[in-house]
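Just below is one structure, and these are the notes that go with it.
In structure tokens form, the structure reads like this:
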């Protein structure tokens with residue numbers, strides 16, 4: 035989700051709008067107001083969409099992920115529930131490869147909790 039947000043793409047939860055067909059193949063999106071919806075439910079709904087994107091678009095690379103090698107990968111379209119079409123390129127290989135190569139995240143997790151571990 036952060037990858038999409040960094041590109042300015044907003045994922046609207048499915049409950050927050052209604053799509054209405056005004057002509058064959060042409061839709062209008064109408065925003066709906068749910069004032070008592072919690073932030074946690076909104077986040078859950080966005081994660082469901084992100085999970086669908088991962089299941090439909092992401093592929094495990096045949097070789098370890100390399101930014102230069104995957105820079106010319108063709109973009110793959112994905113239509114969000116509100117009708118926006120997003121194009122996903124090399125990220126569709128990078129995200130699954132994080133499972134096999136955690137160094138792609140470039141975050142030192144152990145150092146952030148090492149102060150907690152030394153008291154155990």
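In the numbering used here, the protein residues as written are 35 to 154. Note that the Cβ used here is the ideal one computed from N, Cα and C, for glycine as well.
Select from the options the residue whose C-alpha is nearest the C-alpha of residue i.
i           : options            : result
residue 92  : 79, 80, 107        : 107
residue 65  : 135, 137, 126, 116 : 116
residue 78  : 50, 125, 42, 136   : 50
residue 39  : 138, 81, 110       : 81
residue 110 : 52, 138, 119       : 119
residue 125 : 104, 135, 136, 114 : 104
residue 48  : 138, 86, 102       : 86
residue 68  : 121, 122, 46       : 46
residue 90  : 72, 73, 127        : 127
residue 35  : 72, 114, 54        : 114
Nearest-angstrom Cα distance between residue i and residue j?
i           : j           : result
residue 63  : residue 57  : 13 Å
residue 41  : residue 112 : 15 Å
residue 44  : residue 52  : 16 Å
residue 70  : residue 102 : 46 Å
residue 59  : residue 75  : 31 Å
residue 83  : residue 121 : 15 Å
residue 175 : residue 88  : An answer regarding residue 175 cannot be provided, because it is not within the stretch 35 to 154 covered by the chain.
residue 135 : residue 94  : 11 Å
residue 137 : residue 123 : 20 Å
What would DSSP say about residue i, mapped onto helix, strand or coil?
i           : result
residue 139 : helix
residue 62  : strand
residue 57  : strand
residue 127 : helix
residue 112 : strand
For chain D, is any of its Cβ atoms less than 8 Å away from the one on residue i?
i          : result
residue 58 : The chain inventory of the structure shown lacks chain D, comprising one protein chain alone.
Practice task
Pair every Cβ in the region 87–106 with every Cβ in the region 123–136, then say whether three or more of these pairs are closer than 8 Å.
Solution key: yes
Exercise for the section: Jot down the residue ranges of each uninterrupted alpha helix (DSSP H) in the region 71–111, minimum 4 residues, whole runs only, in chain order. Expected result: 73–91
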